[in-house]
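A.B. asks: First residue of the sequence shown: 1, per UniProt numbering; consecutive thereafter.
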Amino acid sequence: MGSTFLKRHKSELSHRFCSNIKRVRAAVNEEAIKNYFNHLKMEIENIPPHLIYNYDETNLVDDPGKKKVLTKRGTKYPEAIKNSTKAAFSLMMCGNAAGQLLPPYVNYKAEHLWDTWTEGGPSNTRYNRSKSGWFDANSFEDWFFTTVIPALRREEGKKVIIGDNLSSHLSYKVVKACEDHNIAFVALPPNSTHLTQPLDVAYFRPLKVHWRKILDEWKSTREGQVLPTIPKQTFPSLLNQLWEKIAPKTEDNLKAGFLKTGIFPTNEQPVLERLPTFKHPEPTLDPEAVGESFIQFLENKRQAVVCQGKGGRKRKLNVDPGKSVSSEELKRVLSEPSTSTRNKNGRKKKNRRRKQIRKLKQIQKKTRQRKLLTIQIPMAR
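In structure tokens, the structure reads:
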């Protein structure tokens, strides 16, 4: 963009770094957000902040990332000798609108769990493992019954827990336990966690900034220089360091997350204003600064990308965002076959039919060959 144009409109335009988001996230619109808040307002009305919880799964990677170094002028490719891999440790986090955080829950990628992998971590941390390293239905249920229920069952009145609607994060046992303990299980709008998830919006970023610093320090130790990745028996002590670093700002970050996502106090405006398609009632931009045709060009270009075909295997449950889920509703939703399942069954039928046709053709071919052989062999006199 021309420098003179920017100088001319420096009060309205500026250069900023942009964040990359997936196409499905860009498709979240104003109607979906308003519908979510209409349900949410009814669910959390008159509920105090210490009884409104948000949970989310995240990971701590084994790569400290790039950092600036002091080097000789003219050096084009400065490099640091430091081991890094794509390995990661999965964590389940949960906190409330009053700024209180529940103990973390670690899920290792392993077949078995060893005692040395659970020593030296933050107080009351729980540890588990799964084949993929991510949370599946079993590990999520274990986290819910060992961490969430003990914290909420002592509280009187209605409680709310808010999270995504992945099928691995919802089960009949979990929803039934919520009903028994007067807990409303509320789902966020699909693909909107960058806008509506308090932990995602205000807590995980500073957490991972501190983690990269701790990881970088460990990579500089003798152990970190020799080993290609973090041993599981070392991870709890590093997690404990992280917990101590983030503790002074935990309350402020959690409160900021609930405020910015409009959950507490309940207000849809902060979320709507972060939508690219949102029209502010009092625009600060001079209409003459950017032509209507240019704005329309940008909107059309964005819409073309957002509306491209999309696919995926992970199934999300068809529940109303912002509305609590009952065990009976969950039974009905889980009993309905997903679109991917129906497509898969259709493909199986087509493949079975093709095999039958192929086999029939082979039989017909062999029959013709036998007839030809019978005709060609002369009869003995």
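Yeah, the Cβ is synthetic: ideal placement off N, Cα and C, and Gly gets one too. Remember, it's a predicted structure, so these values are computed and weren't measured experimentally.
Just to confirm the assignment: which complete alpha helix (DSSP H) runs, minimum length 4, are found wholly within the UniProt domain "DDE-1" (87 to 219)?
C.D. replies: As far as the UniProt domain "DDE-1" (87 to 219) is concerned, its whole alpha helix (DSSP H) runs of at least 4 residues are 137 to 143, 149 to 152, 172 to 180, 193 to 196 and 204 to 219.
A.B. asks: Using DSSP's beta-bridge definition, name the partner residues of ILE52.
C.D. replies: Reading the sequence shown from its first residue, position 52 is the one you call residue 52. BP columns for ILE52 point to VAL160.
A.B. asks: Roughly how many angstroms separate the alpha carbons of GLU329 and GLU141, rounded to a whole number?
C.D. replies: Stepping through the sequence shown from its first residue, residue 329 is reached at position 329. Stepping through the sequence shown from its first residue, residue 141 is reached at position 141. Approximately 18 Å, taken between the alpha carbons.
A.B. asks: Leaving out five residues on either side along the sequence, give the residues of the same chain with a beta carbon under 8 Å from the beta carbon of LEU272.
C.D. replies: Translated into the one-based positions of the sequence shown, residue 272 becomes position 272. Once the five neighbours on either side are set aside, the close Cβ partners of LEU272 are GLU30, ILE33, LYS34 and PHE278.
A.B. asks: Please return the same chain residues whose Cβ sits closer than 6 Å to the Cβ of LYS314, not counting the five positions on each side in sequence.
C.D. replies: One-based indexing of the sequence shown puts residue 314 at position 314. Since pLDDT at LYS314 reaches only 49, below the 50 mark, its modelled position is unreliable, and the value read off the structure follows with that caveat. The answer is none, since no qualifying residue turns up.
A.B. asks: Would you call LYS173 buried or exposed, if buried means 16 or more other Cβ atoms sit within 10 Å of its Cβ?
C.D. replies: Position 173 of the sequence shown, counted from the first residue, corresponds to residue 173. So LYS173 counts as exposed.
A.B. asks: Got a sec? Which residues, its chain only, sit under 7 Å from ASP320 by beta carbon, not counting five neighbours each side?
C.D. replies: As a first step, residue 320 must be located in the sequence shown, where it is residue number 320. So the qualifying residues of the chain are HIS39.
A.B. asks: Is the Cβ-Cβ distance between LEU199 and ASP56 less than 8 Å?
C.D. replies: As a working note, residue 199 is residue 199 in the sequence shown. As a working note, residue 56 is residue 56 in the sequence shown. Result yes, Cβ atoms of LEU199 and ASP56 sit closer than 8 Å.
A.B. asks: Return the bridge partner residues of THR58 from the DSSP annotation.
C.D. replies: What you label residue 58 is simply residue 58 of the sequence shown in a count that begins at 1. According to DSSP, THR58 bridges with LEU91.
A.B. asks: Which of the three DSSP states, helix, strand or coil, is assigned to SER326?
C.D. replies: By 1-based counting over the sequence shown, the position of residue 326 is 326. SER326: coil per DSSP, three-state reduction.
A.B. asks: Exposed or buried, THR367, counting other C-beta atoms within 10 Å across all chains shown (16 or more means buried)?
C.D. replies: As a first step, residue 367 must be located in the sequence shown, where it is residue number 367. It counts as exposed.
A.B. asks: For the alpha helix (DSSP H) containing ASP252, list its first residue and its last residue.
C.D. replies: By one-based count along the sequence shown, residue 252 stands at place 252. Per DSSP, ASP252 belongs to the alpha helix (DSSP H) from 235 to 260.
A.B. asks: By how many angstroms is the C-alpha of VAL226 removed from the C-alpha of PRO190?
C.D. replies: As a working note, residue 190 is residue 190 in the sequence shown. As a working note, residue 226 is residue 226 in the sequence shown. Each residue's alpha carbon lies about 43 Å from the other.
A.B. asks: In this structure, does DSSP put HIS15 in helix, strand or coil?
C.D. replies: What you label residue 15 is simply residue 15 of the sequence shown in a count that begins at 1. HIS15: coil per DSSP, three-state reduction.
A.B. asks: What residue from ILE230, GLN362 and SER324 has the CA that sits closest to LYS109's CA?
C.D. replies: Mapped onto the sequence shown, residue 109 falls at position 109. For LYS109, the nearest C-alpha among the options comes from ILE230.
A.B. asks: According to DSSP, simplified to helix, strand and coil, what is LEU360?
C.D. replies: Here the question's residue 360 lines up with position 360 in the sequence shown. In the structure shown, LEU360 sits in a helix (DSSP, three-state: H, G or I).
A.B. asks: For the stretch 200 to 210 against the stretch 346 to 359, are there 3 or more C-beta pairs whose distance is under 8 Å?
C.D. replies: No, the stretch 200 to 210 does not touch the stretch 346 to 359.
A.B. asks: Leaving out five residues on either side along the sequence, give the residues of the same chain with a beta carbon under 6 Å from the beta carbon of PHE37.
C.D. replies: Walking along the sequence shown from the start, residue 37 turns up at place 37. Closer than 6 Å at the Cβ level, and outside the excluded window around PHE37, lie GLU268.
A.B. asks: Could you please give the first and the last residue of the uninterrupted alpha helix (DSSP H) stretch that includes PHE5?
C.D. replies: For the purposes of this step, residue 5 is taken as residue 5 along the sequence shown, with counting starting at 1. Here the alpha helix (DSSP H) through PHE5 covers 3 to 8.
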